[in-house]
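FYI, in this note's numbering the residues of the sequence shown are 7 to 416. Every residue, glycine too, gets a C-beta built ideally from N, C-alpha and C. Keep in mind the model is a prediction, meaning the values are calculated, not measured. One structure is given below, encoded as structure tokens.
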Amino acid sequence: METRDKLKILADAAKYDASCASSGSYRKRAESGLGNTEGMGICHSYTPDGRCVSLLKVLLTNYCIYDCSYCVNRISSDTRRARFTPGEVARLTLEFYKRNYIEGLFLSSGVIQDADYTMDQLIQVARTLREEHLFGGYIHLKAVPGASPDALQLAGKYADRLSANIELARENDLIQLAPAKSHTEIEQSMQQIRYRFLEAKDSKKHFAPAGQTTQMIVGATPATDAEMLAKALSLYDTHKLRRVYYSAFSPIPHGDPTLPAQHPPLIREHRLYQADWLMRFYGFDQSEITTAAEPNLSLQQDPKLSWALRNRAFFPVDVNAASRAALLRVPGLGLRNVDRILSIRRYHRLDFDDLKRLRVSLTKAQPFLTAAGPNRAARLLDTQRLPDQVTPPEQLNLFESAATARTGEL
Ligand code: SF4
């Protein structure tokens with residue numbers, strides 16, 4: 007098979023993995039037109055210092071010995087198969103890099119023979135790039151669950167980032183849909199990566215300096231947002247993951263009939279990212295975001311606004327006197343603006359015009375804030391129609407989704 011044909015198949019097969027940031031969108035277009043939102047092969051990811059890099063996103067092969075029912079590459083799928091040699095992927099990466107198409111590589115694979123053999127093939131690509139071609143660009147390798155600690159050690163030696171996908175939040179769902187996998191085995195890989203990372207840090211050696219991430223599929227099973235967030239929190243806590251990527255389930259051609267025929271609304275994925283950021287950077291506890299009565303996030307309102315509407319007694323917050331923690335609870339005030347407010351108010355009292363200049367969304371924030379000058383908060387907070395007034399019509403697009411995934415400004 008020609009390299010171009012293999013690339014078409016294996017880049018397309020890689021698009022389902024969201025553990026480096028990416029999100030899908032569909033747009034009608036003329037065949038002869040320019041541009042395509044569904045294009046695959048190159049994705050964007052963010053490095054630890056915040057740079058956005060474009061990566062060749064591809065599978066080494068879409069042959070797989072496993073039969074995960076949500077996956078187009080499962081053994082029982084009749085999808086067209088292809089396989090690159092490690093040398094071919096290394097060559098493609100270098101050629102694309104030299105033409106300035108990409109700044110790095112995201113490489114995953116179906117499982118061939120067993121976990122260690124597959125891991126060894128991925129490592130060969132990274133080793134060839136690093137040692138034979140002195141490639142200094144970004145490399146993200148998939149950590150195949152069940153791979154030996156030695157294989158993971160080698161992978162981390164050459165890669166900047168590793169990711170072992172947890173796939174589904176509930177162990178029972180995983181047993182049912184991916185019988186060859188288990189949370190225990192996947193988390194053992196995460197634990198090994200964490201352990202090797204700390205070991206390398208102490209001895210000042212190179213081991214996946216950009217840490218590890220994972221992917222969780224949203225909407226393939228009835229798992230609630232509360233269950234997904236609880237699993238994500240436990241992974242952040244136990245394995246110190248850099249990111250959990252929430253990936254809306256994509257129905258696949260000839261998919262398992264027990265799986266949904268439609269993908270969940272993209273806004274659900276977006277809400278999970280928002281909730282994830284509230285828990286990690288805004289001081290929210292999960293119990294404040296989802297409850298036993300409402301285990302799923304509102305699709306209409308972002309989770310911070312939902313919390314504020316349920317807790318009106320907490321407001322209004324005085325922008326000139328409140329603590330950082332209290333300001334972070336105000337809808338429409340993101341991390342960056344809260345820090346700007348704290349620094350400006352050392353020199354003068356802020357009014358709503360100052361907030362406008364900081365590009366704070368006053369439609370959202372004003373009912374919950376008091377500032378220098380005339381205030382409407384107390385009056386607005388008592389309004390029955392407040393939820394309608396502060397809930398902007400939300401038209402989620404690819405760029406907003408990606409921006410939240412990156413900055414989490416809420
Ligand atoms: S192991 Fe990975 S590639 Fe293989 S069927 Fe499962 S999800 Fe797909």
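Minimum C-alpha distance to residue i - residue among the options
i, options, result
"residue 228", "152, 270, 305", "270"
"residue 111", "118, 298, 101", "101"
"residue 295", "123, 176, 233", "233"
"residue 321", "186, 359, 376, 389", "376"
"residue 137", "154, 151, 205, 165", "165"
"residue 306", "394, 330, 342, 284", "394"
"residue 13", "81, 95, 59, 23", "95"
"residue 300", "323, 365, 231", "231"
"residue 381", "242, 335, 323", "323"
"residue 92", "123, 292, 263", "123"
Own chain residues within Cβ distance below 6 Å of residue i, not counting five before or after
i, result
"residue 32", "For residue 32, the predicted structure reports a pLDDT of 48, less than 50, and the residue's modelled location is therefore unreliable. A value from the coordinates is still provided. Within the same chain, residue 32 has no close Cβ partners at all."
"residue 30", "Low confidence applies here, because residue 30 scores a pLDDT of 40, under 50, leaving its location unreliable; read the following figure in that light. Cβ within range, chain order: n/a, list empty."
"residue 28", "At residue 28, the pLDDT of 40 sits below 50, so the modelled position is not reliable and the matter cannot be decided from this model."
"residue 63", "20, 49, 112"
"residue 172", "192, 220, 222"
"residue 290", "284"
"residue 302", "230, 231"
"residue 332", "323"
Same chain, Cβ closer than 7 Å to residue i, neighbours up to 5 away in sequence not counted
i, result
"residue 396", "311, 337, 369, 370, 373"
"residue 388", "none"
"residue 79", "19, 68, 70, 85, 116"
"residue 7", "88"
"residue 125", "150, 153, 157, 161"
"residue 134", "92, 93, 96"
"residue 330", "344, 348"
Close Cβ partners of residue i (< 8 Å) along its chain, the five nearest in sequence each way excluded
i, result
"residue 199", "149, 158, 162, 168, 170, 214, 218, 245"
"residue 226", "76, 174, 179, 183, 255, 265, 266"
"residue 282", "235, 238, 250, 252, 414"
"residue 10", "none"
"residue 204", "none"
"residue 366", "338, 339, 343"
Beta carbon proximity, residue i to chain D, threshold 8 Å
i, result
"residue 190", "This model lacks chain D altogether, as it is built from one protein chain only."
Contact test: residue i Cβ vs the ligand MG heavy atom, cutoff 7 Å
i, result
"residue 383", "Looking for the ligand MG in the displayed structure turns up nothing; the ligands present are the ligand SF4."
Q: Return the chain-ordered ranges of every alpha helix (DSSP H) run that is complete within the stretch 311-379 and spans a minimum of 4 residues.
A: 330-333, 341-350, 358-363, 368-371
**Q.** Three CB pairs or more closer than 8 Å across the stretch 190-199 and the stretch 256-266
**A.** no
Q: Would you check if there are 3 or more beta carbon pairs closer than 8 Å linking the stretch 73-91 to the stretch 134-143?
A: no
Q. With a cut-off of 8 Å, do at least 3 Cβ pairs link the stretch 344-359 to the stretch 312-319?
A. Below 8 Å, too few C-beta pairs join the stretch 344-359 and the stretch 312-319 to call them touching: fewer than three.
Q: Could I get the ranges of all uninterrupted alpha helix (DSSP H) runs contained in the stretch 111-135, with 4 residues as the minimum, in chain order?
A: 121-133
Q: May I have all residues whose beta carbon comes closer than 6 Å to any heavy atom of the ligand SF4, sorted in chain order?
A: That query returns the following residues: 70, 72, 74, 77, 79, 80, 116, 117, 184.
Q | Runs of alpha helix (DSSP H) lying entirely within the stretch 211-259, each at least 4 residues, in chain order | A | 231-245
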